[in-house]
Amino acid sequence: MTTHEGYGHGESTQQQVSVNHDPQDRIKEGMENLSLEQESRQDSNLHGNELEKLESDKSPSQEPVQVTHLDLPSKNKSVKSPSQEPVHVPHLDLPSKSESRTIPGTEEVIESQQARIERLGRERPAKFKSLGAELAFCYSIIASQFMAEYFVSGFNVLIPTLVKDLDIPQASAVWPASAFALVSASFFLPFGRLADMYGGYPVYLSGLVWFLIWSVIAGFSKNNLMLDFCRAMQGLGPAAFLPSGILLIGSTYRPGPRKNIVFSIYGGGAPLGFFVGIFIAGLTGNYLRFGWYFWIGAFFILTTILPAIFAIPSDMAERKRMGVKMDWLGSILIISGLILVVFAITDASYAPNGWKTSYILVTLIMGVLLLCIAFYVEGWLAEAPLIPFDLFQVPYLWAIFIALFISDGVLGVFLVFAPIYMQNIMGASPLQVAGWFTPMCLGGLFISAVGGFFLHLLPGTLLMLIGGLAWVLTSILFALAPEGANYWAFVFPAMIGATTGIDIIYNITNVFITTSLPQNRQGLAGALINSLLYLGIAFLLAFADVTQTQTTQLGLKRSYQAVFWYQFACSVLALVVMIGFVRIRKAKSEMTADERAAINRDRLELA
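Structure, rendered in structure tokens:
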């Protein structure tokens, strides 16, 4: 053990320690030296508490004192000076885990470990100099989610107008919408790694600027080829700013109520973008040239970029110190494989012979083969794999991924087939359809506004089950809805169920995944969350198309109902996964993943 020897008259050349017997000063200095990790060891029954370094202590007689060891919290502990005179060391009466105490005669409060963690989980992060800076940060990140959904949902409404104005063949009408999702889904993981390497700030801003440029250009499209290319280039924007946006929230906010609220409001950007996108697309299709849909969106993006420049804290230096590396081989294989697979399953329903079409089979087989090679590379060859296998050491993470993938896919099926069913079977006009979706938007905003206040009060597992049951309810209502069905009996509760299902599940998984992963994997967290969203929609929607086309002989109504029964089956499967394999505790204030890892390392060293 290292010995610290004091100095009295310049006689010693070893490290000097002076002793001050003022109890209040000793308590203050002692508490400053108690780190979060030391207190955690107390909570883990490692009660051999030691204070190996004692600063600024002198005896009343100014004699040099040698302090080799100080045991806490035994009372009446004494040490001896070199002259063998006993020196009394006052007992440090430390607060317990759940309390804070005021030092007698002072206004200073000794804060316990748990009280400090609770406080940090509620207060504004130190990175923000003011509440205004934090609000500007939150606005930009939430608006980015809004913009991504604006260009997905609204564009589907605009397709009939584009087909007419640009003379797009019916067989090619799906590609302007599919190209956007195809590129985004394929590039989430590489851009998430770039954010972990270079920082969320530069990747986030670059993605928004890129999105702005190609949104403006897309408005000037002259034919379907130009539109397809612009939509593909647009897709690179969300691939960059969505994962890095989650990284910025996850790395800026500690686990606790404040992080829960921010993530909940962030999730509210999606239903708002969905509704505004449909509304603007409807106005554009009826009264304006289609280009205004893109240019209005570009203006929204600009209002997202400006606060981001000044309000988002730069994390480039911090990320550089982490030393995260790119997995280039894995990136190439994953991007290529996903593009081919997503292309095959997306286009299969529109190909001349469906899944039997030669180019569908070839691209699907090649894509699957590339993904298998990528799996081998990631698991056994890559130095810094894009998807490290130890990621799944986080308890229940694999089950959460499966449940999220299926739930996101159910959302995609609902958003595509519900409007069609409303118009073709239930007899609603396009304007009625927009009005019927209003509860989904308002419900999403309500959940985003209040949901964050409950995540630390209710177990995450319970909330996930509520979301899963909501999707089951939504699916069965549309599967049973007759022609001319009553809005309040079928559509309204289905809309409430849909927004409850997706918003709760999305918020819970965002908080859990970002809290479970360390700082150097926050970009990976954002990439995985968004990849599961886009890929889940692509895969389940492709099989929904197959279900509908294979049941057309039953009649239009029954073929659509078959799709909703398929959606119901997927919802039940997701619910079964949640019940059997997902366990998420309350999202309370707690240590970060990095702090927990540091404590575990120290425990191993002590062992």
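Per the UniProt record's numbering: the sequence shown = residues 1 to 607.
Even for Gly, the Cβ is constructed at its ideal location relative to N, Cα and C.
Treat the numbers as computed from the prediction; the structure is a model and nothing was measured.
In its own chain, which residues sit with a C-beta less than 6 Å from the C-beta of residue i, not counting the 5 before and 5 after it?
i, result
"tryptophan 175", "Asp228"
"serine 244", "Ala195, Gly200, Val203, Tyr204"
"serine 571", "Val410, Trp471, Val472, Ser475"
"threonine 161", "Gly285, Phe290"
"isoleucine 387", "Glu378"
"glutamate 605", "none"
"phenylalanine 137", "Ala311, Ile312"
"leucine 120", "Arg254"
Rounding to the nearest angstrom, what Cα-Cα distance links residue i and residue j in this structure?
i, j, result
"isoleucine 249", "tyrosine 359", "42 Å"
"aspartate 503", "glutamine 432", "24 Å"
"glycine 30", "glutamate 118", "Confidence in glycine 30 is poor, its pLDDT being 45 and thus under 50, which makes the residue's placement unreliable; the coordinate value appears in the next sentence. The alpha-carbon atoms of glycine 30 and glutamate 118 are separated by roughly 22 Å."
"proline 352", "serine 516", "46 Å"
"tryptophan 328", "alanine 240", "17 Å"
"alanine 126", "glutamate 318", "15 Å"
"leucine 338", "glycine 367", "6 Å"
"leucine 158", "isoleucine 309", "32 Å"
"isoleucine 474", "valine 342", "Here the sequence assigns threonine to residue 474, which means isoleucine is not the residue at that position. Cα-Cα distance, rounded: 27 Å."
"tryptophan 355", "arginine 558", "22 Å"
"tryptophan 436", "valine 491", "7 Å"
"alanine 232", "serine 349", "20 Å"
"phenylalanine 401", "proline 385", "19 Å"
"glycine 323", "alanine 382", "16 Å"
"leucine 242", "proline 430", "31 Å"
"glutamine 553", "alanine 434", "30 Å"
"serine 264", "valine 362", "42 Å"
"leucine 364", "glycine 267", "33 Å"
"alanine 481", "phenylalanine 568", "13 Å"
"phenylalanine 274", "asparagine 156", "11 Å"
"alanine 418", "isoleucine 599", "50 Å"
"aspartate 545", "valine 413", "9 Å"
"leucine 573", "proline 307", "42 Å"
"arginine 116", "glutamate 595", "14 Å"
"leucine 397", "glycine 282", "40 Å"
"methionine 326", "alanine 525", "16 Å"
"leucine 208", "leucine 236", "10 Å"
"proline 190", "alanine 403", "23 Å"
"glycine 454", "isoleucine 508", "One point to set straight first is that residue 454 is phenylalanine, not glycine, in the sequence displayed. Spanning the two alpha carbons is a distance of roughly 11 Å."
"isoleucine 168", "asparagine 224", "6 Å"
"phenylalanine 392", "methionine 495", "34 Å"
"glycine 484", "threonine 438", "19 Å"
"asparagine 520", "arginine 321", "10 Å"
"serine 314", "phenylalanine 539", "36 Å"
For residue i, collect the residues of the same chain with a Cβ closer than 7 Å to its Cβ; drop the 5 residues on either side in sequence, then sort them by chain order.
i, result
"glutamine 234", "Phe151, Phe180, Phe211, Trp214, Ser215, Ala218"
"threonine 499", "Pro271, Met440, Gly443, Gly444, Ile447"
"tryptophan 295", "Val216, Gly219"
"glutamate 173", "Correcting the residue identity first, residue 173 is alanine in this sequence and not glutamate. Once the five neighbours on either side are set aside, the close Cβ partners of alanine 173 are Ile159, Val163."
"glycine 297", "Met147, Tyr150, Phe151, Ser215"
"asparagine 530", "Phe188, Leu242, Pro243"
"glutamate 134", "Arg124, Phe128"
"leucine 166", "Ser221, Asn223, Asn224, Leu227"
I think residue i touches residue j, with their Cβ atoms under 8 Å apart; what is that distance to the nearest whole Å?
i, j, result
"isoleucine 278", "glycine 154", "5 Å"
"glycine 468", "leucine 340", "32 Å between Cβ atoms; not a contact."
"serine 184", "threonine 304", "Their Cβ separation, rounded to whole angstroms, is 17 Å, which puts serine 184 and threonine 304 out of contact at 8 Å."
"glycine 192", "alanine 527", "3 Å"
"lysine 259", "valine 416", "With 8 Å as the limit, lysine 259 and valine 416 do not qualify as a contact, their Cβ atoms being about 33 Å apart."
"threonine 346", "serine 221", "Rounded, the Cβ-Cβ distance is 21 Å, inconsistent with contact."
"glutamine 561", "alanine 479", "5 Å"
"serine 589", "arginine 124", "14 Å between Cβ atoms; not a contact."
"residue 610", "isoleucine 280", "No statement about residue 610 is possible, as the shown extent of the chain runs from 1 to 607 and does not include it."
"isoleucine 142", "glycine 269", "4 Å"
"valine 563", "glutamine 548", "5 Å"
"alanine 399", "valine 262", "That pair is no contact at about 25 Å."
Note down, in chain order, each residue of its chain lying with its Cβ closer than 8 Å to the Cβ of residue i, except the 5 sequence neighbours on either side.
i, result
"isoleucine 466", "Thr500, Ile504"
"valine 276", "Phe146, Tyr150, Gly154"
"serine 129", "This sequence places lysine at residue 129; serine is not what is there. Within the same chain, lysine 129 has no close Cβ partners at all."
"phenylalanine 389", "Glu378, Gly379"
"tyrosine 566", "Val413, Phe543, Ala544, Thr547"
Answer yes if the segment 254-266 comes into contact with the segment 192-201, meaning at least three C-beta pairs across the two stretches below 8 Å, and no otherwise.
-> no
query = Do the segment 530-537 and the segment 405-413 make contact, defined as three or more Cβ pairs closer than 8 Å?
reply = yes
* Asked: So does the segment 374-392 actually touch the segment 322-336, counting three or more Cβ pairs closer than 8 Å?
  -> yes
Counting pairs of beta carbons, one from the segment 582-595 and one from the segment 456-468, are three or more of them closer than 8 Å? yes
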